[in-house]
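Have a look at the structure below before the remarks.
Protein chains in written order, with my numbering: chain B, 19 to 255; chain V, 4 to 241.
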């Protein structure tokens, strides 16, 4: 499961993920409609789509190390609305709400209000390659065997970094991209920081090398990690 | 807890850090702890009773440069208080003379006369609004000498052991304070004050820090990337 999440977070398989989501929602809607006909209606389809988008955002953010707070929930609501086509759907839903009991209408209105408020945060979300990236990626506390895998990957990258290869930082970046954010990104951040700490004590051509290492990592951070901070045992990188 | 930093003063003869680094500012680690040898709690040199923060911060920097006594002697409390007496005219026991000091005056004395038996080779002013320069200086010089205009919220945060992050108050509602810094990462800088390491967010730093210097100590390794020839040239022209 962790590998799957990492692949999703890497953003490389977003087309496949999108197709998978469409199929899953379709199957849920038309299969579910046999048991609960409301799922087959327009309103049922909208609610299903919003719920899936909301859950996808929340799930990927949590896997990236984000903590649950009002800000994250509001961003998830906003993402759900945006990814589902926004206004037309809301008009239809509000129209349906008029026919519902008063309580349902109020709940829908609150949902609309929350969406409007949270859209002020939309610019703050940083999707990369179609997936949602948390602003902080916790490299120090993920569960399961992830810590061991980060260490292993860091060892592999470290061997390249401290080796003689000329193009080593591009090589390491490719490894980081392939391993996904939680493993590849965390390992990359730690190796670059350790390498720069050691190299900045030496003299001569090290200055250009250090610059190259840092530039490659910062490019990786902005391209693949949405500018996120990597929280590691050495500090926030 | 006492404060004791006078308002920032600029001497146009002071060499800027950016002027004595190599053509391109040398890169620095994303996270660095130059004070890893120093215990979390150290002597606060009576800064809980008197306003000697400008001299206590020299003691904190010496802690780092000597790797907490492994590579040189530490400053004692008496030596730090004597430095405060010499620079600021403080007379122990006379509260009326406990009026704090200017960081620039302390630096000049440190360089020209020495604090106890310790003398720095030179000091440079760091553009405290340029976080890259601040990090680079910590990397090269082992630590920096920092002045801030603290808000009252900073006192509450220290009392409750919280990070300095609240930027809602105007600077200086509590007063001017001098500290040192030898550790940072992408989100935080740790300021050594009152014997402890106080974390502060960079946004807090931008709002409240009003002056910052780097001192070149013979006890610290020769920094890579600092152009010592150019520094000597600047100094000889003063």
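C-beta atoms are modelled at their ideal positions from N, C-alpha and C, and glycine is treated no differently.
Close CB contacts of residue 155 of chain B within its chain, under the 8 Å cut and outside five residues either way in sequence, are with 82, 83, 199, 200, 203, 204, 243, 246, 247, 248, 249 (chain order). Judged by DSSP secondary structure, residue 70 of chain V falls outside any alpha helix (DSSP H); it is assigned neither H nor E. In this chain, the beta strand (DSSP E) harbouring residue 191 of chain V covers 191 to 196. In the same chain as residue 45 of chain B, and ignoring 5 residues on each side of it, no C-beta atom comes closer than 7 Å to its own.
When 7 Å is used as the limit between beta carbons, residue 232 of chain B is near these residues of chain V: 30, in chain order.
With fewer than 16 neighbouring CB atoms inside 10 Å of its own CB, residue 13 of chain V falls in the exposed class. Bounds of the alpha helix (DSSP H) holding residue 215 of chain B are 204 to 217. Identification of residues in the region 238 to 255 of chain B having a C-beta nearer than 9 Å to some C-beta of chain V yields 247, 248, 249, 250, 252, 253, 254, 255, given in sequence order. Take residue 158 of chain V, set aside five residues on each side of it, and the residues of its chain with a beta-carbon closer than 8 Å to its own are 4, 177, in chain order.
In this structure, DSSP gives residue 250 of chain B an extended state, which the three-state scheme calls strand. Shown here, residue 72 of chain B sits in a helix according to DSSP, grouped into three states.
In this structure, the beta-carbon distance from residue 50 of chain V to residue 36 of chain V does not fall below 8 Å. Residue state for residue 126 of chain V is assigned as strand, using DSSP reduced to three classes.
Within the model, the alpha-carbon separation for residue 223 of chain V versus residue 149 of chain V is close to 18 Å. DSSP links residue 155 of chain B through a beta bridge to B/248. With its beta carbon less than 8 Å from one in chain B, residue 35 of chain V belongs to the interface.
If you draw a straight line from the Cα of residue 189 of chain V to the Cα of residue 205 of chain V, it is about 8 Å long. Residue 94 of chain B and residue 41 of chain B have their C-alpha atoms some 21 Å from each other.
Residue-level contact by beta carbon fails for residue 69 of chain V and chain B, as no gap is shorter than 8 Å. Contact note: residue 190 of chain V reaches chain B through 247, 254, using a C-beta cutoff of 7 Å and chain order.
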